[in-house]
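Residue numbers (this note's numbering): 8 to 418.
Backbone N, C-alpha and C fix where the C-beta goes; we use that ideal spot for every residue, glycine too.
All values reported here derive from a predicted model rather than from experimental measurement.
Quick notes on the structure that follows.
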Ligand SMILES: [Zn+2]
């Protein structure tokens, strides 16, 4: 089947679908508001989206998973506390107030800060999870089966939870938040240098005093993420959820059923607290890797800024490689719709595609956000009134194209 081959037969257009998407997002934001992972509002928003998906799909279900939502971003204040402790130890040591042995505590604290950054943030390991309250979140899985034998499976996905507000992005904008991060990272570097000088036997009093200049940065880390104030996440990532749902609507209302390709929409929970929903889904479904069906995963996240569309071949701050064939599929689909989308690396953070790749599923993600980061990113500004329908429709076309092309040839 060729996408848009017989346009005159199409009853529901991508323009109709785009209206469904923007209305749906507005309704979720108005009715349920912010959706912290594991919250009642995340669950109720998912139930609403399930209701909307039901007429388009053969099956719609919600699978729950256990999660410790506040663990992931806790590496930020944890690093701040470790560096404050290290500063105190180095000062005491340089003024001869503590023994050499005790001065080694500074090394341990620096190690603790770095371990948190690497473990939780760079590798998305569940390092601190046992220390935080457990909640129940869920993933919505909607399936449109193949007519005949299933030989291929394509999963389109967005995440339904929203993020806690990033205080400095909201208050200071993209340069401000990067300055706060840079200030703290410089403090980490300076602390490492001071600790090394002290361990080599130098008194380094002036250096140790210099560490005081970074205390405001460390204190600032405690307010970096505001768990009392979650955002609407209209763009991040109800756009991904609703484009996934609109794919099902388009296929269903235009009576498209592929002979051998199953189409799946997954609305994950808990992406903002470390891809926990996608991780739980792939852990619960090892058959996706070995049931003989060629399976690919396309993650859609934050579809808004048309000038900044990107296909992420490198995910999880560059630590995870997504699949080059899935990237090529998206690239070619873009070209067929007049978009030469760059294939590249996510600057910081991760998308659900990384969890799929780690689970051995061929995956890539498509994102359309100013990586500066955008002013609305993880702030209260990410509301339904800043959606950009033209970009949403463009991406919907590209995704539908990718589905039809995958059905034809696989990857
Ligand atoms: Zn997101």
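Quick one: does the C-beta of residue 142 sit closer than 8 angstroms to a heavy atom of ligand 1?
-> no
Along the chain, where does the alpha helix (DSSP H) that runs through residue 85 open and close?
-> 82-101
Should residue 118 and residue 82 be called a contact, given that it needs their Cβ atoms to be closer than 9 angstroms?
-> no
Does at least one heavy atom of ligand 1 sit under 8 angstroms from the Cβ of residue 243?
-> yes
Would the C-beta of residue 308 count as close to ligand 1, meaning under 8 angstroms from any of its heavy atoms?
-> yes
Among 59, 384, 141 and 377, which one has its Cα closest to the Cα of residue 175?
-> 384
In angstroms with no decimal places, state the Cα-to-Cα distance between residue 87 and residue 13.
-> 59 angstroms
To the nearest angstrom, how far is it from the Cα of residue 134 to the Cα of residue 380?
-> 26 angstroms
Spatial neighbours of residue 10 in its chain, beta-carbon cut-off 7 angstroms, leaving aside the 5 residues before and after = 407, 408 and 411
Secondary structure of residue 372, DSSP reduced to three states | strand
Backbone secondary structure at residue 189 - three-state DSSP = helix
What's the gap between the Cα of residue 69 and the Cα of residue 148?
-> 6 angstroms
Using 8 angstroms as the cut-off, classify the Cβ of residue 279 as near or not near the heavy atoms of ligand 1, replying yes or no.
-> yes
Is there at least one non-hydrogen atom of ligand 1 closer than 8 angstroms to the beta-carbon of residue 198?
-> no
Among 104, 120 and 105, nearest to residue 89 - alpha-carbon criterion | 120
Quick one: is residue 239 near chain C, going by C-beta distance under 9 angstroms?
-> Although the question refers to chain C, the structure presented lacks it and comprises just one protein chain.
May I ask you to report which of helix, strand or coil DSSP gives residue 290?
-> helix
Residue range of the alpha helix (DSSP H) that residue 51 falls in?
-> 47-60
Contact check, residue 389 vs residue 166, beta carbons under 9 angstroms | no
Spatial neighbours of residue 396 within its chain, please: CB distance less than 6 angstroms, with the 5 preceding and 5 following residues excluded, ordered by chain position.
-> 25 and 29
Three-state class that DSSP yields for residue 394 in the structure shown | coil
Report the rounded CA-to-CA distance for residue 21 versus residue 310, giving the unit in angstroms.
-> 15 angstroms
Under the criterion of a Cβ to heavy atom distance below 8 angstroms, does residue 358 qualify as lining ligand 2?
-> This structure lacks ligand 2; its bound ligands are ligand 1.
Which term fits residue 37, buried or exposed, when burial requires 16 or more other beta carbons within 10 angstroms of its beta carbon?
-> exposed
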